[in-house]
Amino acid sequence: MAFWFQYSVGPSIVHESGWVWKTYRAIPGTGKLVYRAWTKGCDSYEGDLLSQCAGNAGVYRSMFLTTLFFILAAIASNVQPSLNREAWPAKYAVFFFSLLICVFVPNAPLFTGFYLWFARIGATVALVLQQVILIDIAYNWNDDWVDMANDADRISYGSGSGWLKAIVGTCVFMYSGAIVGISFLYHYFDGCPENIWIITLTLLGIIAMTAVQLSGSEGSLLTSGIISLYAVYLCFSTVSKNPNGQCNPRLGHNDVVGIVMGLTLTAISLAWTGWAWSAEQRLSVDNIQSTKAMSPSSSTNNTTSSVNLDVPFLNSEAQPTQGIVMEQTTGTNTHISPDLWKLNVIMALTACFVAMILTGWGTVQELNENQNAANPTVGRVNMAMIGVSQWTAILLYMWTLLAPRLFPDRDFS
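For reference, each letter of the sequence shown is one residue, going 384 to 796 in the numbering used here.
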């Protein structure tokens, strides 16, 4: 939906072409209203830049409604958790009609003003949450493969070496990718001291957290490799927002690589969050299933004289129950977690992150005569926000390694 608003709806309205514009113009009195709404805040642009500005506004519209939807869902599910599962046809209908109505709402100040900055802050928080999710994925990934190696060794000693070799191979791949990425950044994003500092600090952060991990028994090299590769990705996202054209070859171009990488990580994070959340509900103590043996002697009267096994049963329903059945320990199968609102908050922050990924963190790639960004302040603010997220991620992972050593009497599992 956001792609459609960005590359079809927005440009077609400001250039007064396409079936979307023709549909709204066919309604008496709405053509000029829609045109003014989408060109407000984009008046200073022409041609492709006008299309880009209107496309970004289209992303803000759809993602604003998505963010608002999940915020309201979080509030509702916090008050009454069952509301999260109810009235979904009505929810879809309200969301659809809201999309139709938001076309008439001007870009500024709601979308290109308030929501743009709200989404930037939400995307920064989402990056930190994404890091937490990736740390969880990395730890579980390593533990699962080690468990598979141990299980294979119990069956046949030495047969589990394949899983251990796979762990080592994955570590080599992750660290090789991080080294290649750092080399790529040094080569293509040099020319100004701020980029060199950012890349060098990223390299030092990778070395530091790997050294901390290898110096103790906490964590794993596989986890460190994944976090190192993620730190390089955030470093690329930071330097690619530099408004100085002399050290940013991506300036003025659509960041296809950044969009693909960001959406891929978002999809992985959401898939893991959904699976982990549902697995926690399936495997919780309240939903554990227990087995119960049934035999002819387990009837309520506990007498064997009431059943004569030598006489064949003519009625199949009258036969005594025998075998194993599954018994649900909880009183109801419709238990809903009271913490479901947290999942909706994560979805709202993810919507902010997607909005920033698709719009380059809210920038229009306009260049001046020196091939620098026409509005450098926006680029530097974006660099700062992504840089803070990167180092928050690195320090968070290092804390998971150091906390068990600093506080050995506490359980950090």
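A virtual CB, placed ideally from N, CA and C, is assigned to each residue, including glycine.
Note that the coordinates shown come from a computational prediction; the quantities given were computed from them, not determined experimentally.
Separation of residue 614 from residue 516, as counted between CA atoms: 14 angstroms
Continuous alpha helix (DSSP H) stretch holding residue 570: start and end: 544-571
Distance between beta carbons of residue 596 and residue 604, contact taken as under 8 angstroms: Taking 8 angstroms as the upper bound for CB-CB distance, residue 604 and residue 596 are in contact here, some 7 angstroms apart.
Nearest neighbour of residue 770, chosen from 594, 465, 504 [CA to CA]: 504
Coil, strand or helix - residue 618 by DSSP: It is helical.
Environment of residue 494 [buried if 16+ CB atoms lie within 10 Å]: Buried is the call here.
Option nearest residue 524 by Cα separation, candidates 511, 553, 507: 553
Span of the alpha helix (DSSP H), counted from its first residue to its last, around residue 526: 499-538
Closest by C-alpha distance to residue 502, when choosing among 740, 793, 723: 740
Span separating the alpha-carbon of residue 633 from that of residue 562: 21 angstroms
Cβ-based neighbour list, residue 489, same chain, cut-off 6 angstroms, excluding 5 preceding and 5 following: 420, 423
Run of the alpha helix (DSSP H) containing residue 401, from where it starts to where it stops: 401-408
Beta carbon of residue 471 nearer than 8 angstroms to that of residue 624: no
Beta-carbon gap between residue 629 and residue 541 smaller than 8 angstroms: no
Residues of its chain near residue 330, where Cβ-Cβ distance is below 7 angstroms and the 5 sequence neighbours each way are ignored: Only positions 384 to 796 of the chain appear in the structure, and residue 330 is not among them; the question remains open.
6 angstroms CB neighbourhood of residue 668 in its chain, flanking five on each side removed: Because residue 668 carries a pLDDT of 43, less than 50, the predicted location of this residue cannot be relied on, and the following value inherits that uncertainty. None.
Interface flag, residue 531 vs chain B, CB-CB below 8 angstroms: Absent from the structure is chain B; it holds one protein chain and no more.
Element boundaries [alpha helix (DSSP H), containing residue 624]: Run containing residue 624: none; DSSP gives neither H nor E here.
Neighbourhood of residue 612 by C-beta, 6 angstroms cutoff - its chain only, sequence neighbours within 5 removed: 557, 560, 561
Cut-off 7 angstroms between Cβ atoms - residues of its own chain near residue 447, not counting five sequence neighbours on either side: 494, 498
Neighbour-count burial assignment, residue 442, 16 or more Cβ in a 10 Å radius: buried
Endpoints, alpha helix (DSSP H) assigned at residue 477: 471-485
Where the alpha helix (DSSP H) containing residue 587 begins and where it ends: 576-597
Three-state secondary structure assigned by DSSP to residue 667: For residue 667, the predicted model reports a pLDDT of 46, less than 50, meaning its position is unreliable and no value from the coordinates is stated.
Own chain, CB closer than 6 angstroms to residue 681, minus 5 neighbours either side, in chain order: Below a pLDDT of 50, predicted positions are generally treated as unreliable, and residue 681, at 46, falls in that range; no measurement from the model is reported.
Bounding residues of the alpha helix (DSSP H) (the contiguous stretch that carries residue 447): It spans 430-462 - the alpha helix (DSSP H) in which residue 447 sits, taken as one unbroken run.
Span separating the alpha-carbon of residue 466 from that of residue 460: Going by C-alpha positions, residue 466 is about 6 angstroms away from residue 460.
Three-way DSSP call (helix, strand, coil) for residue 332 in this model: The chain is shown only over 384 to 796; residue 332 falls outside these bounds and no answer can be derived.
Per-residue burial, residue 654 [other beta carbons within 10 Å of its own, 16 or more giving buried]: exposed
Length of the line joining the Cα atoms of residue 463 and residue 455: 12 angstroms
Host alpha helix (DSSP H) of residue 741 (start-end): According to the DSSP assignment, residue 741 belongs to the alpha helix (DSSP H) that extends over 723-741.
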